[in-house]
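Asker:
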Amino acid sequence: MLRALAERDVDHAAALLDDAIVWHNVGFPKVRGIARVRKALAVMAKPNYGFDVTSHNIAATPDGDVVLTERTDVLIWRRLRVEFWVYGTFELRDDRILVWRDYFDNLDFAKGLVRGLWRLCT
């Protein structure tokens, strides 16, 4: 799903989500339902916006219903790239993502923003 987002294929990413999806960037309000999550994800496919990801570790429960990821996400706006560490949990129902929960440190995000701005200036 994350690779589909990086490839700007929101339709493919959304097809992997359960209709009752709950997307929670911990510390921020939850986004509930496929329509709302799809709308939020569609921003990444707009001109001047983007997303990329590097997965460092992926683990799953024996039944495959919970997948854990340790990764670096990149949010892109024009030439600005903000890179930050994310720990994600995906809970699946019938092979579709029912709960998508991401944990990240706001300070690490802020450092990524500063680094991205610095790269623009140099």
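The opening position of the sequence shown corresponds to residue -15 in this note's numbering, with each subsequent residue numbered one higher.
Every residue gets a Cβ at the ideal spot worked out from N, C-alpha and C, and that includes glycine.
No experiment lies behind these values; they were computed from the predicted model shown.
1) For residue 59, does the count of other Cβ atoms within 10 angstroms reach 16, so buried, or fall short, so exposed?
2) Less than 7 Å separating the Cβ of residue -3 from some heavy atom of the ligand ADP?
3) Ignore the nearest five residues each way along the sequence and tell me which others in residue 17's own chain have a CB closer than 8 Å to its CB.
4) Compare the C-alpha of residue 26 against each of 96, 13 and -8 and name the closest.
5) Relative to the alpha-carbon of residue 50, which residue among 63, 10 and 75 has its alpha-carbon at the smallest distance?
6) In the DSSP assignment, find the unbroken alpha helix (DSSP H) run with residue 2 in it and report its ends.
7) Any idea what DSSP makes of residue 41, helix, strand or coil?
8) Any idea if residue 98 is buried or exposed, counting beta-carbon neighbours within 10 angstroms, 16 or more meaning buried?
Answerer: So, from the listed chains and residues:
1) Within the sequence shown, the letter at position 75 stands for residue 59. Burial call: buried.
2) This structure lacks the ligand ADP; in fact it carries no ligand of any kind.
3) Translated into positions along the sequence shown, residue 17 becomes position 33. For residue 17, where only same-chain residues beyond five positions count, the Cβ hits under 8 Å are 3, 4 and 5.
4) Indexing the sequence shown from 1 puts residue 26 at position 42. For residue 26, the nearest C-alpha among the options comes from -8.
5) On the sequence shown, position 66 is the one that residue 50 refers to. Measuring from the Cα of residue 50, the nearest candidate turns out to be 75.
6) Sequence index remark: in the sequence shown, residue 2 carries index 18 (1-based). It is not in any alpha helix (DSSP H) - residue 2 instead sits in the beta strand (DSSP E) that spans 1 to 9.
7) Numbered from its first residue, the sequence shown carries residue 41 at position 57. Residue state, collapsed to three classes: strand.
8) The residue given as residue 98 occupies position 114 in the sequence shown. Exposed, by the Cβ-count rule.
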